[in-house]
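Yeah, the sequence shown ends on 764 if you go by our numbering, and it's all consecutive.
Cβ atoms here follow ideal geometry from the backbone N, Cα and C, with glycine treated the same way.
Here the structure is a predicted model, which is why all the values come from computation and not from measurement.
First comes the structure, then the notes that go with it.
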Amino acid sequence: MNKLFLGGVTSLLFFLSACAVETKVQQGRMALLYGDPNAAIASFQSAAELDPNRFYFSDFPQGIWTYVGRAYYIAGKYPEARQALERAISLHKDDNMAKLYLGLTLTRSGDRQRGLKEIEDGLRGLHEWLDYVEQYAAFSYGQYWDPLKEIRSEIQDSLGMISRKDIDWQKLIASGEWVGRKLEEEIDIARQQESRDRSRGDDSGGD
């Protein structure tokens with residue numbers, strides 16, 4: 558009985574902790590999207606302290622330290638951003654959003670050579686992910702991600718600029734920031750559209 562009780566308590570605590578992390582992340586995302594990076598930093602840091610290895614697969618793949626680093630980047634705190642983003646990549650080497658923002662951070666900090674490589678790797682990985690979900694999840698969530706290919710078109714323009722080695726740094730940075738923000742917005746847009754389509758399907762099925 559004691560073992561069952563302790564097991565139940567442990568499960569409850571784990572559930573509550575997961576809920577707390579998710580709440581903090583969503584609070585941070587909203588602050589990030591509405592232009593309050595300092596509030597976002599506080600929320601993401603709290604989430605990272607509760608679950609430092611958290612990685613999100615359900616919507617768009619990125620780790621909690623990616624969120625921390627992005628918030629620091631937007632706040633203009635580049636040393637802190639670099640530390641968080643390098644930690645994100647060390648935990649999840651395929652975190653392409655972390656690579657993109659690490660590249661932006663390095664570029665703004667003066668290390669353009671390494672920054673360019675990280676930006677290119679990040680953009681290429683993000684483009685490949687969008688292509689992947691379009692192809693392999695076309696009849697589920699994939700159809701809701703970048704349906705007009707606006708994000709991929711922007712990425713291709715930036716990759717073309719990089720390949721020509723004729724780089725307008727201000728334009729490249731602005732493009733990378735646009736891609737990062739647009740993908741974050743797409744999480745909610747895709748989720749809402751999928752929910753609406755499911756609701757319509759349920760309604761028609763009940764007729």
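Residues sharing a beta bridge with Gly-620, DSSP: Residue numbering aside, residue 620 sits at position 63 when the sequence shown is read from its first letter. Bridge partners of Gly-620: Phe-612.
How would you label Trp-702, buried or exposed, when you count the other beta carbons within 10 angstroms and need 16 or more for buried? Counted from its first residue, the sequence shown places residue 702 at position 145. Buried, since its Cβ has 16 or more Cβ neighbours within 10 Å.
Cutting at 7 Å between CB atoms, please list the residues of its own chain near Leu-648, excluding the five before and the five after it. On the sequence shown, residue 648 is found 91 positions in, with the first residue counted as 1. Same-chain partners within the cutoff: Asn-610, Gly-620, Trp-622.
Identity of the residue in Ser-720, Phe-696, Asp-745, Asn-653 nearest Glu-675 by Cα: Start at 1 with the first residue of the sequence shown, and residue 675 comes out as number 118. The shortest C-alpha separation from Glu-675 is found at Asn-653.
With contact counted as at least three CB pairs below 8 Å, one residue from each stretch, are the region 626 to 633 and the region 697 to 716 in contact? no
Cβ neighbour criterion (16 or more within 10 Å) applied to Lys-581: Within the sequence shown, numbered from 1, the residue matching residue 581 stands at position 24. Flag for Lys-581 reads buried.
Please list the terminal residues of the continuous alpha helix (DSSP H) segment that includes Asp-714. Here residue 714 is taken as the residue at index 157 of the sequence shown, counted from 1. Per DSSP, Asp-714 belongs to the alpha helix (DSSP H) from 707 to 721.
Is it the case that the region 662 to 671 contacts the region 682 to 693, given that we only count it when at least three CB pairs across the two stretches are under 8 Å? no
What does a CB cutoff of less than 7 Å around Ile-712 pick up in its chain, not counting 5 residues either side in sequence? Counting from 1 along the sequence shown, the entry for residue 712 is found at position 155. Excluding positions up to five away in sequence, the list reads Leu-680, Leu-683, His-684, Val-736.
Rounded to whole angstroms, what is the Cα-Cα separation between Glu-751 and Glu-742? Indexing the sequence shown from 1 puts residue 751 at position 194. Indexing the sequence shown from 1 puts residue 742 at position 185. If I take the Cα positions, the gap works out to 14 Å.
For Trp-702, the three-state DSSP class (helix, strand or coil): To locate residue 702, count along the sequence shown from 1; it is residue 145. In this structure, Trp-702 counts as coil in the three-state DSSP scheme.
Buried or exposed for Ala-694, please, with buried defined as at least 16 other CB atoms from any protein chain shown within 10 angstroms of its CB. The sequence position of residue 694 within the sequence shown is 137, counting from 1. Label assigned to Ala-694: exposed.
Assign Asp-745 to one of three DSSP states: helix, strand, or coil. By 1-based counting over the sequence shown, the position of residue 745 is 188. Helix.
Once the 5 residues before and after Gly-672 are set aside, which same chain residues still bring their CB inside 6 Å of it? As a first step, residue 672 must be located in the sequence shown, where it is residue number 115. Within the same chain, Gly-672 has close Cβ partners Gly-660, Leu-663, Thr-664.
Pull up the distance between the alpha-carbon of Gly-733 and that of Arg-753, whole angstroms please. Position 176 of the sequence shown, counted from the first residue, corresponds to residue 733. Position 196 of the sequence shown, counted from the first residue, corresponds to residue 753. Roughly 30 Å separates the two Cα atoms.
Whose C-alpha, out of Arg-748, Leu-590, Ser-603, is nearest the C-alpha of Gly-699? Here residue 699 refers to the residue found at position 142 of the sequence shown. Of the candidates Arg-748, Leu-590, Ser-603, the one whose C-alpha sits nearest the C-alpha of Gly-699 is Arg-748.
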